[in-house]
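Only one structure is covered here, and it is reproduced in the block below.
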Amino acid sequence: MKSKIPLWRTLFTEQPRTLVENDDFRVTALRYASGVEGLRVENSRGHLLILPWMGQMIWQACFDGHDLTMRNQFRQPKPAQQVVETYGCFAFHSGLLANGCPSPQDDHPLHGEMPCAPMDEAWLELDEGSLSVTGSYEYVMGFGHHYRAQPTVVLHRDSALFDIGMQVTNLASAPMPLQYMCHMNYAYVAGAELSQTIPAEAWTLRESIPAHVAPTPQWQRFIEQLRQGEATLNVLDAPQCYDPEIVFFADRLERYGERQEFRMRAADGTTFVTRFSSHDFNYVTRWILYNGDQQVAAFALPATCRPEGALAARRNGSVLQLAPQQSRNFWLTTGIA
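According to my numbering, the residues represented by the sequence shown are 1 to 337, in order.
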């Protein structure tokens with residue numbers, strides 16, 4: 001039998017407070033010194049730190065003694081309207097009206113309006129062998145779009161794998177454009193091997209250079225080696241070449257089957273994995289960055305389009321359309337296999 005437990009902001013104080021505890025799970029409410037509320041959700045293998053009122057961002061993921069979260073400059077989550085103002089999390093929801101890095105001609109923020117959205121509701125759901133953190137956010141703009149987003153994270157008993165979901169419902173009387181990416185910022189693992197179910201030739205090197213990228217001569221030489229096939233990103237063994245970032249795209253994944261799996265295998269055998277259906281996510285991005293401030297190996301960022309801004313998605317025909325009152329659901333599984 002499923003039990004629903006509503007969450008209220010008054011539960012989150014400077015002194016951590018246990019909300020749920022049983023043989024399988026523990027849930028603790030806390031408030032950072034910055035004022036941002038956090039929810040620590042634990043099982044026997046590790047924990048997630050979720051920000052229930054700020055886009056339901058996953059601030060940290062730790063399992064089997066491994067911190068899965070990118071190295072970053074933030075000691076704690078900061079109150080923010082745009083994700084770049086608190087870019088230290090394990091995962092956030094990018095979109096939903098626009099996704100990715102805006103071009104100079106785009107008018108949307110980096111990764112859209114959803115990453116730091118002020119949630120209207122948040123609650124827990126306890127079921128046999130699982131614990132879910134979910135919530136609801138209603139976006140409405142006069143003379144504009146109107147939708148409801150319901151993100152969900154599901155932690156399972158005795159498992160280092162967890163599920164991330166998103167449901168989007170168009171509440172307006174007109175069609176709604178939809179662009180969505182589940183942006184998981186895995187920690188960089190030196191020497192790790194990257195593999196996947198799609199063929200190697202499915203990957204395309206990003207040719208555009210976003211405004212935040214400042215090419216260096218060494219980076220340009222490495223990009224040319226990647227372009228010519230003289231270098232690969234199959235093994236993370238050249239960190240000096242990953243600053244600025246290296247980005248690959250794979251499009252129209254349905255060509256390679258429905259069930260997709262992407263892996264990052266550490267030298268000690270630990271395997272980080274992301275699994276999803278190409279019916280939900282027909283695109284995937286790989287993002288690698290290594291410098292003194294940020295170290296990230298986002299080996300799989302499942303999406304409905306490339307993260308190059310709204311106008312680029314419109315030009316290549318990858319913007320989804322939701323009819324009035326229509327809903328779309330997206331699910332993936334990630335963690336340590």
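A virtual CB, placed ideally from N, CA and C, is assigned to each residue, including glycine.
Buried or exposed by the 16-neighbour rule on C-beta atoms within 10 Å, applied to residue i
i      : result
Gly55  : buried
Gly335 : buried
Met1   : exposed
Val189 : buried
Gly309 : buried
Ile5   : exposed
Gly46  : buried
His111 : buried
His156 : buried
Rounded Cβ spacing between residue i and residue j (contact assumed at less than 8 Å)
i      : j      : result
Cys101 : Pro307 : 6 Å
Asn170 : Leu322 : 4 Å
Gln82  : Cys116 : 7 Å
Gln299 : Asn185 : Here residue 299 turns out to be Phe, not Gln, going by the sequence shown. With 8 Å as the limit, Phe299 and Asn185 do not qualify as a contact, their Cβ atoms being about 11 Å apart.
Pro52  : Leu39  : 5 Å
Val133 : Val36  : Actually they do not touch by this definition, with Cβ atoms about 15 Å apart.
Pro79  : Ser34  : 6 Å
Pro151 : Gly165 : 7 Å
Residue i, enclosing alpha helix (DSSP H) - first and last residue
i      : result
Ile223 : 217 to 228
Beta bridge counterpart(s) of residue i as assigned by DSSP
i      : result
Arg45  : Answer by DSSP bridge pairing: none, since Arg45 is not bridged.
Met119 : Answer is none; Met119 lacks a bridge partner.
Lys4   : Glu125
Glu201 : According to DSSP, which records beta bridges pairwise, Glu201 is partnered with nothing at all.
Met141 : Looking at the DSSP assignment, Met141 forms no beta bridge with any residue, so it has no partner.
Phe92  : His183
His156 : Ser130
Ser136 : Glu121
Asp237 : DSSP, once it has assigned bridges, lists no residue as partnering Asp237.
Limits of the beta strand (DSSP E) - the one that residue i falls within
i      : result
Arg263 : 259 to 265
Arg275 : 271 to 277
Arg31  : 26 to 31
Ala312 : Not the beta strand (DSSP E): Ala312 falls in the alpha helix (DSSP H), residues 310 to 315.
Met54  : Here Met54 belongs to no beta strand (DSSP E), and DSSP marks it neither H nor E.
Val189 : Careful: Val189 lies outside any beta strand (DSSP E) and carries neither H nor E.
Arg286 : 283 to 290
Ser327 : 327 to 336
Gln321 : 320 to 322
Ala303 : 295 to 303
Under the three-state DSSP convention, the category residue i falls into
i      : result
Cys62  : strand
Glu245 : coil
Leu110 : coil
Pro102 : coil
Thr10  : helix
Leu161 : strand
Val83  : helix
Arg255 : helix
Leu19  : strand
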